[in-house]
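Asker: Sharing a structure, written as structure tokens. Questions coming.
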Amino acid sequence: MAHAAPFVPRHIGPNESDTAEILQILGYESAQALAESAIPASIAQKGEIGLPDALSEQDTLAALRAFADKNVQKKQLIGNGYYDTITPAVIRRNVTENPGWYTAYTPYQPEISQGRLEALLNFQTAVQDLTGLPIAGASLLDEATAVAEAVQLMARGNAKAFKKGGVVLLDNALHQQSVTVTLARAEAAEIPVELVEITDDFDFSAYENLVGVVLSNPGSTGRVRDLTPLIAAAKESATLVTVACDLMAQVLLTSPGSQGADIAVGSAQRFGVPLFFGGPHAAFMSCTNALERKLPGRIVGVSKDAEGAPAYRLALQTREQHIRREKATSNICTAQALLAVMAGFYAVWHGPDGLREIATDIHGRAVSLAVALSEAGLTLAHDTFFDTVTVQVSSADDIIAAAADAGYNLRRVNAEFVGISVGESTTDADIAELVKVISGKSASVDSSDFDATSGPLGEAELLRTDAILTHPVFHSVSSETQMMRYLRKLADRDLALDRTMIPLGSCTMKLNSAISMEPITWPGFAGIHPHAPAEQAQGWLDLIKDLEERLEKITGYAKVSVQPNAGSQGEFAGLLAIHRYHLSRGDDQRDIVLIPASAHGTNAASAALAGLKVVAVKNGEEGSVDLDDLDAKLEKYGPQTAAIMITYPSTHGVFEEHVRQVCEKVHAAGGQVYIDGANLNALVGLAQPGEFGGDVSHLNLHKTFTIPHGGGGPGVGPVCVAEHLIPFLPADPSAELPEGEDDYTSGQPVSAARYGSAGVLPITWAYIALMGDEGLTEASRMALVTANYISHQLQDHYPTLYKGDSGLVAHECILDLRELTKLSRITAADVAKRLMDYGFHAPTLAFPVPGTLMVEPTESEDKAELDRFIEAMISVRREIQDVIDGKVSAEDSVLRHAPFTAYSVTRDDFEEAVSGGHFTRTQAAFPVDGLRTTKYFVPVRRIDDAYGDRNLVCSCPPLEAFDIES
Numbered sequence: 001m002a003h004a005a006p007f008v009p010r011h012i013g014p015n016e017s018d019t020a021e022i023l024q025i026l027g028y029e030s031a032q033a034l035a036e037s038a039i040p041a042s043i044a045q046k047g048e049i050g051l052p053d054a055l056s057e058q059d060t061l062a063a064l065r066a067f068a069d070k071n072v073q074k075k076q077l078i079g080n081g082y083y084d085t086i087t088p089a090v091i092r093r094n095v096t097e098n099p100g101w102y103t104a105y106t107p108y109q110p111e112i113s114q115g116r117l118e119a120l121l122n123f124q125t126a127v128q129d130l131t132g133l134p135i136a137g138a139s140l141l142d143e144a145t146a147v148a149e150a151v152q153l154m155a156r157g158n159a160k161a162f163k164k165g166g167v168v169l170l171d172n173a174l175h176q177q178s179v180t181v182t183l184a185r186a187e188a189a190e191i192p193v194e195l196v197e198i199t200d201d202f203d204f205s206a207y208e209n210l211v212g213v214v215l216s217n218p219g220s221t222g223r224v225r226d227l228t229p230l231i232a233a234a235k236e237s238a239t240l241v242t243v244a245c246d247l248m249a250q251v252l253l254t255s256p257g258s259q260g261a262d263i264a265v266g267s268a269q270r271f272g273v274p275l276f277f278g279g280p281h282a283a284f285m286s287c288t289n290a291l292e293r294k295l296p297g298r299i300v301g302v303s304k305d306a307e308g309a310p311a312y313r314l315a316l317q318t319r320e321q322h323i324r325r326e327k328a329t330s331n332i333c334t335a336q337a338l339l340a341v342m343a344g345f346y347a348v349w350h351g352p353d354g355l356r357e358i359a360t361d362i363h364g365r366a367v368s369l370a371v372a373l374s375e376a377g378l379t380l381a382h383d384t385f386f387d388t389v390t391v392q393v394s395s396a397d398d399i400i401a402a403a404a405d406a407g408y409n410l411r412r413v414n415a416e417f418v419g420i421s422v423g424e425s426t427t428d429a430d431i432a433e434l435v436k437v438i439s440g441k442s443a444s445v446d447s448s449d450f451d452a453t454s455g456p457l458g459e460a461e462l463l464r465t466d467a468i469l470t471h472p473v474f475h476s477v478s479s480e481t482q483m484m485r486y487l488r489k490l491a492d493r494d495l496a497l498d499r500t501m502i503p504l505g506s507c508t509m510k511l512n513s514a515i516s517m518e519p520i521t522w523p524g525f526a527g528i529h530p531h532a533p534a535e536q537a538q539g540w541l542d543l544i545k546d547l548e549e550r551l552e553k554i555t556g557y558a559k560v561s562v563q564p565n566a567g568s569q570g571e572f573a574g575l576l577a578i579h580r581y582h583l584s585r586g587d588d589q590r591d592i593v594l595i596p597a598s599a600h601g602t603n604a605a606s607a608a609l610a611g612l613k614v615v616a617v618k619n620g621e622e623g624s625v626d627l628d629d630l631d632a633k634l635e636k637y638g639p640q641t642a643a644i645m646i647t648y649p650s651t652h653g654v655f656e657e658h659v660r661q662v663c664e665k666v667h668a669a670g671g672q673v674y675i676d677g678a679n680l681n682a683l684v685g686l687a688q689p690g691e692f693g694g695d696v697s698h699l700n701l702h703k704t705f706t707i708p709h710g711g712g713g714p715g716v717g718p719v720c721v722a723e724h725l726i727p728f729l730p731a732d733p734s735a736e737l738p739e740g741e742d743d744y745t746s747g748q749p750v751s752a753a754r755y756g757s758a759g760v761l762p763i764t765w766a767y768i769a770l771m772g773d774e775g776l777t778e779a780s781r782m783a784l785v786t787a788n789y790i791s792h793q794l795q796d797h798y799p800t801l802y803k804g805d806s807g808l809v810a811h812e813c814i815l816d817l818r819e820l821t822k823l824s825r826i827t828a829a830d831v832a833k834r835l836m837d838y839g840f841h842a843p844t845l846a847f848p849v850p851g852t853l854m855v856e857p858t859e860s861e862d863k864a865e866l867d868r869f870i871e872a873m874i875s876v877r878r879e880i881q882d883v884i885d886g887k888v889s890a891e892d893s894v895l896r897h898a899p900f901t902a903y904s905v906t907r908d909d910f911e912e913a914v915s916g917g918h919f920t921r922t923q924a925a926f927p928v929d930g931l932r933t934t935k936y937f938v939p940v941r942r943i944d945d946a947y948g949d950r951n952l953v954c955s956c957p958p959l960e961a962f963d964i965e966s
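For what it's worth, the UniProt record's numbering labels the leading residue of the sequence shown as 1, then goes sequentially.
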């Protein structure tokens with residue numbers, strides 16, 4: 001075995017001597033002793049996890065290479081929602097593989113997120129231009145769930161028809177995974193949906209109170225048509241219309257917006273994002289202005305900062321499900337930010353001319369293929385298409401096998417038709433070879449002079465005539481040097497994990513090791529189509545099976561599915577399994593979920609979206625579930641109780657002593673126990689949810705298991721279940737749903753791909769393999785140690801709101817600022833902004849208790865970084881004391897004016913324009929000595945949130961639109 005330094009001490013921040021010093025301060029002999037004191041003995045894990053021995057870094061890479069080598073790489077021409085694309089090397093190396101981009105957190109603190117917010121605004125602007133609609137979001141999870149979200153959006157936007165029992169029509173030309181996922185979501189949300197063939201002369205008037213229509217253009221088998229008359233006919237029935245479209249096709253095709261659509265959805269995968277065996281890929285949604293405030297997911301908006309400079313932020317955040325809880329209308333918690341960033345930069349890199357050239361080449365080769373097949377005497381399914389040619393053959397299976405032998409994967413549409421979806425890397429030689437394989441005849445192919453206007457789309461007048469990507473950002477790059485510097489400039493505006501600790505409670509922003517990240521862009525993983533034959537994806541299937549089994553051992557559950565591609569999706573999948581389990585037993589009255597008041601807002605939202613009702617359970621003063629109130633709720637709702645949702649350790653940052661009692665009480669009432677795995681970073685190797693009472697949990701691989709957050713996605717939220725719930729795990733989205741309205745004997749799909757965002761699973765596999773049993777367990781112990789160290793060191797400055805019976809917190813602590821706010825009028829938000837001047841991302845603000853900060857240092861932060869954070873918090877406390885002592889008013893304090901840009905503290909009129917004479921430049925910029933050589937300056941001052949919501953601008957703006965006082 002190759003020699004390598006152990007990985008565990010590279011992952012865990014404090015070294016042996018620093019750990020000993022921390023433990024001495026806390027009064028414990030070892031991390032194990034502290035963990036045993038913190039965790040209730042009633043749930044403590046007996047014995048080891050039982051994983052294979054830890055591997056060295058070299059052996060881990062070798063094992064992953066063996067998995068990748070089992071996958072067979074072909075030219076992927078299957079299509080069906082996933083297409084061959086080329087990731088520009090400048091983007092792969094400077095974004096996808098750059099921790100400055102992939103370790104960033106969701107941009108809830110916009111002043112330190114301006115780089116990725118601008119990148120996401122590029123994405124939104126490109127989507128708006130290409131779909132012809134004025135508002136676009138900052139990405140959704142995948143195309144199938146985006147279609148499902150569009151159905152729910154139409155139900156909200158056409159509420160009158162929906163309330164009257166109206167129906168939504170789905171075009172059967174949609175991809176199968178979009179149909180199955182949408183039908184499953186609609187059933188849970190009780191939205192009537194019908195799958196129909198929407199022909200050009202379809203009679204919409206036959207439907208009373210029509211809520212909405214979802215069309216597909218191109219259709220799944222490639223057909224492109226003019227939707228203008230069809231949409232106009234639908235609008236006569238006062239309905240809303242969604243068009244599922246292809247972003248690359250929209251470079252050439254007339255836009256959905258110009259044809260009258262209200263909503264456009266699709267996937268941005270072919271804008272430079274690898275196939276990744278199904279994900280992660282950024283979906284998109286755009287809409288009319290009338291629907292902008294109902295749009296699901298996140299929207300990047302433009303506002304202004306304290307000096308009037310333009311600044312980006314997430315707009316209309318009150319729509320997000322963690323705020324709206326059971327009133328939420330969307331199940332989107334995490335998005336696919338990193339992948340949307342890649343797609344947006346793909347548009348910047350190529351610009352409108354480059355995109356037209358790529359789209360024209362793709363279409364030209366598809367036309368060459370169609371012409372050659374027609375001349376060979378074969379029949380085409382459609383005359384007008386963009387990239388997908390569907391052709392009738394004598395035996396689809398024989399042709400697909402022959403094509404695979406020649407190095408090409410094609411799509412089996414049915415026994416007589418095959419589909420060929422031309423990709424960005426397809427060549428004329430490939431087309432000639434495909435013609436020979438399919439028709440048995442040779443053809444000469446030269447598409448170099450192809451002119452789309454004289455092709456079938458041009459002859460059918462389906463080509464767009466308006467300009468695309470007109471904003472200067474899409475015309476600003478003509479060399480790689482420029483692109484490289486643009487990417488660096490935006491990364492420098494952000495504060496990510498590569499610069500500083502991100503101490504966010506419940507978000508576990510810990511090391512995403514380079515060794516774990518390295519394999520995800522290997523062609524053997526990244527180049528496999530999710531619908532490739534199983535024998536070509538054996539490496540993927542083996543890795544996924546092995547990972548699921550490791551997660552089963554870690555959690556104590558019987559079975560795991562990695563299909564959910566976000567934590568919110570994992571919640572939804574778990575609740576859907578519980579709901580369908582009850583229905584399969586005839587317990588259709590069990591429709592209530594008990595949720596502690598302290599729980600993540602996503603819990604309540606997911607319950608509502610799974611067709612369940614929410615009843616809150618009180619928390620006691622110590623932060624645990626109030627057993628008396630639980631008893632009262634079970635007495636009242638027992639026969640109706642479907643489940644309880646528990647976050648463990650609790651969102652209050654403590655290990656609840658009576659968690660087993662809670663589980664037993666709910667089980668006795670006939671309910672199921674859902675244990676939210678968001679805080680599993682405090683449990684791995686120490687306690688197993690599946691052993692101490694859980695029937696189902698979701699995990700967050702982008703938290704506990706080191707998949708990076710990527711600025712707000714990718715995420716993976718596997719769902720873990722006990723034996724009796726295995727039949728209700730997520731189903732294959734590419735398969736048709738079981739027939740029969742009352743068939744509740746199986747699960748339903750929740751994501752577009754069978755294995756969700758498989759492309760990032762090697763990261764978690766590598767992390768678990770590198771750490772092994774003892775490494776994972778020690779990581780959990782050290783997460784407890786570092787959180788208790790911060791709580792202890794700050795106890796004289798900010799009291800910790802909740803502690804366990806042992807006086808310890810779990811892996812996070814809630815710092816209570818409410819009394820300080822009463823005395824000073826300095827808020828937790830003021831402290832969050834001020835911490836930026838110290839070079840820190842703020843802790844979790846005002847959750848789960850308003851007026852507090854929740855801190856989670858993780859096990860990966862070294863003692864020096866922990867001490868730097870402690871020093872910053874104590875320094876801020878002194879600044880608050882100056883306000884309390886009357887030395888300065890809250891309005892004039894350095895805290896209320898924070899954060900400060902480099903320009904603001906160097907301008908000639910600093911005292912007049914910025915400080916008012918109440919604090920110095922040094923106080924503003926360098927409040928502690930350590931910042932003098934490591935200073936990070938925010939690019940903008942404090943952002944005006946209200947202005948951005950009142951004046952909603954969600955595309956790249958001209959700078960002259962702002963009144964910039966400076």
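Don't be surprised by glycine CBs; every beta carbon is placed ideally from N, CA and C.
(1) From what residue to what residue does the alpha helix (DSSP H) around Phe123 run?
(2) Using the C-alpha atoms, what's the distance from Gly804 back to Tyr947?
(3) For Phe937, name the three-state secondary structure that DSSP assigns.
(4) Using 8 Å as the threshold, is the region 481 to 498 in touch with the region 692 to 700, meaning 3 or more CB pairs across them?
(5) Just how far apart, CA to CA, sit residue 1004 and Asn94?
(6) Using 8 Å as the cut-off, can you tell me whether the region 881 to 895 makes contact with the region 44 to 56, which would need three or more C-beta pairs spanning the two stretches below that distance?
(7) So, Ala722 versus Leu784, is the Cβ gap smaller than 8 Å?
(8) Sort out for me which residues DSSP pairs Lys294 with in a bridge.
(9) When the cut-off is 8 Å and only beta carbons count, does Gly690 lie next to chain C?
(10) Output the boundary residues of the alpha helix (DSSP H) element that contains Thr821.
(11) Pair every Cβ in the region 155 to 170 with every Cβ in the region 238 to 258, then say whether three or more of these pairs are closer than 8 Å.
(12) What did DSSP end up calling Met645 once you bin it into helix, strand or coil?
(13) Give, in chain order, every unbroken run of the beta strand (DSSP E) that is at least 3 residues long and sits entirely within the region 356 to 437.
(14) Pop quiz: Ala315 and Asp949 are said to be a contact at Cβ under 8 Å. What is the actual Cβ separation, rounded to whole angstroms?
(15) When you compare only the Cα positions, how much space is there between Pro14 and Pro280?
(16) Taking the Cβ atom as the reference point for each residue, do Ala577 and Thr647 lie within a distance shorter than 8 Å?
(17) Find out if the Cβ-Cβ distance for the pair Thr786, Glu859 is shorter than 8 Å.
(18) Which of the three DSSP states is assigned to Met782 in this structure?
(19) Among residues of its own chain, excluding the 5 on either side of Gly132, which ones have a beta-carbon nearer than 7 Å to its beta-carbon?
(20) Here's the rule I'm using: 16 or more other beta-carbon atoms within 10 Å means buried, otherwise exposed. How should Glu416 be labelled?
(21) Among Ile25, Glu459, Gly419 and Val72, which one has its Cα closest to the Cα of Asp405?
(22) Please report the residue range of the alpha helix (DSSP H) in which Cys956 lies.
(23) Determine the DSSP secondary structure at Ala810, reduced to helix, strand or coil.
(24) In whole angstroms, what is the alpha-carbon distance linking Ser751 and Thr145?
(25) Could you say if the region 347 to 356 and the region 178 to 187 meet the contact criterion of at least three C-beta pairs nearer than 8 Å?
(26) State the DSSP-derived secondary structure class of Glu194, mapped to helix, strand or coil.
(27) Which residues mark the beginning and the end of the alpha helix (DSSP H) in which Cys663 is found?
(28) Taking only three categories from DSSP, how would you classify Gly804?
(29) Whole angstroms is fine: what's the gap from Pro714's alpha carbon to Leu338's?
(30) To the nearest angstrom, how far is it from the Cα of Glu657 to the Cα of Ser42?
(31) Counting pairs of Cβ atoms below 8 Å between the region 465 to 472 and the region 395 to 411, do you hit three or more?
(32) Should Thr74 go down as buried or exposed, given a rule of 16 or more other Cβ atoms within 10 Å for buried?
(33) What's the call for Gly433, buried or exposed, on a 16-neighbour Cβ count within 10 Å?
Answerer: Concretely, from the data shown:
(1) Position 123 of the sequence shown, counted from the start, is the residue given in the question as residue 123. Boundaries of the alpha helix (DSSP H) around Phe123: Gln114 to Thr131.
(2) On the sequence shown, position 947 is the one that residue 947 refers to. On the sequence shown, position 804 is the one that residue 804 refers to. Rounded to whole angstroms, Tyr947 and Gly804 show a C-alpha spacing of 42 Å.
(3) Looking up residue 937 in the sequence shown gives position 937. In the three-state reduction of the DSSP assignment, Phe937 falls in the coil class.
(4) The region 481 to 498 makes no contact with the region 692 to 700; the number of CB pairs closer than 8 Å stays below 3.
(5) Lying outside 1 to 966, the shown extent of the chain, residue 1004 is not represented and no answer is given.
(6) With fewer than three CB-CB distances shorter than 8 Å, the region 881 to 895 does not count as touching the region 44 to 56.
(7) The sequence position of residue 722 within the sequence shown is 722, counting from 1. The sequence position of residue 784 within the sequence shown is 784, counting from 1. No. Outside cutoff.
(8) Along the sequence shown, one-based indexing puts residue 294 at 294. Paired residues: none, contrary to the question.
(9) Among the chains in the structure shown there is no chain C, since it carries only a single protein chain.
(10) Counting from 1 along the sequence shown, the entry for residue 821 is found at position 821. Taken as a continuous stretch (DSSP letters only), the alpha helix (DSSP H) holding Thr821 covers Arg818 to Ser824.
(11) Yes, since at least three Cβ pairs between the region 155 to 170 and the region 238 to 258 fall closer than 8 Å, the two stretches touch.
(12) For the purposes of this step, residue 645 is taken as residue 645 along the sequence shown, with counting starting at 1. Three-state result, Met645: strand.
(13) Correct list: 388 to 392 and 417 to 421.
(14) Counting from 1 along the sequence shown, the entry for residue 315 is found at position 315. Counting from 1 along the sequence shown, the entry for residue 949 is found at position 949. Confirmed, about 6 Å.
(15) Locating residue 14 in the sequence shown gives position 14, where the first residue counts as 1. Locating residue 280 in the sequence shown gives position 280, where the first residue counts as 1. Between the alpha carbons of Pro14 and Pro280 lies a gap of roughly 33 Å.
(16) On the sequence shown, residue 577 is found 577 positions in, with the first residue counted as 1. On the sequence shown, residue 647 is found 647 positions in, with the first residue counted as 1. Not in contact: Ala577 and Thr647 (Cβ atoms no closer than 8 Å).
(17) In the sequence shown, counting from the first residue as 1, residue 786 sits at position 786. In the sequence shown, counting from the first residue as 1, residue 859 sits at position 859. It is a contact, given that the beta carbons lie within the stated cut-off.
(18) The residue given as residue 782 occupies position 782 in the sequence shown. Reduced to three states, the DSSP call for Met782 is helix.
(19) Here residue 132 is taken as the residue at index 132 of the sequence shown, counted from 1. Non-local beta-carbon contacts of Gly132 in its own chain, meaning distances under 7 Å to residues more than five positions away in sequence, involve Ser255, Pro256, Gly257 and Ser258 in chain order.
(20) Counting from 1 along the sequence shown, the entry for residue 416 is found at position 416. For Glu416, the number of other beta carbons within 10 angstroms of its own is below 16, and it is reported as exposed.
(21) Locating residue 405 in the sequence shown gives position 405, counting from the first residue. For Asp405, the closest of Ile25, Glu459, Gly419 and Val72 by C-alpha to C-alpha distance is Val72.
(22) As a working note, residue 956 is residue 956 in the sequence shown. That residue, Cys956, is in no alpha helix (DSSP H); it is neither H nor E in DSSP.
(23) In the sequence shown, counting from the first residue as 1, residue 810 sits at position 810. Residue state for Ala810 is assigned as coil, using DSSP reduced to three classes.
(24) Residue 751 sits at position 751 when you count from the first residue of the sequence shown. Residue 145 sits at position 145 when you count from the first residue of the sequence shown. Those two C-alpha atoms are separated by around 6 Å.
(25) Counting C-beta pairs with one atom in each stretch, the region 347 to 356 and the region 178 to 187 have fewer than three that are closer than 8 Å, which means they do not touch.
(26) For the purposes of this step, residue 194 is taken as the residue at position 194 of the sequence shown. Here Glu194 sits in strand by DSSP.
(27) As a first step, residue 663 must be located in the sequence shown, where it is residue number 663. Note, Cys663: alpha helix (DSSP H), Val659 to Ala668.
(28) In the sequence shown, counting from the first residue as 1, residue 804 sits at position 804. In the three-state reduction of the DSSP assignment, Gly804 falls in the coil class, being assigned neither a helical nor a strand state.
(29) The residue given as residue 714 occupies position 714 in the sequence shown. The residue given as residue 338 occupies position 338 in the sequence shown. Roughly 7 Å between the two C-alpha positions.
(30) Walking along the sequence shown from the start, residue 657 turns up at place 657. Walking along the sequence shown from the start, residue 42 turns up at place 42. Whole-angstrom Cα-Cα distance: 8 Å.
(31) Fewer than three beta-carbon pairs drawn from the region 465 to 472 and the region 395 to 411 are found closer than 8 Å, and the two stretches are therefore not classed as touching.
(32) Start at 1 with the first residue of the sequence shown, and residue 74 comes out as number 74. The sequence given here has Lys at residue 74, not Thr. Buried.
(33) Stepping through the sequence shown from its first residue, residue 433 is reached at position 433. At residue 433 the sequence reads Glu, which differs from the Gly that was named. Around the CB of Glu433, 16 or more other CB atoms lie within 10 Å, so the residue is classed as buried.
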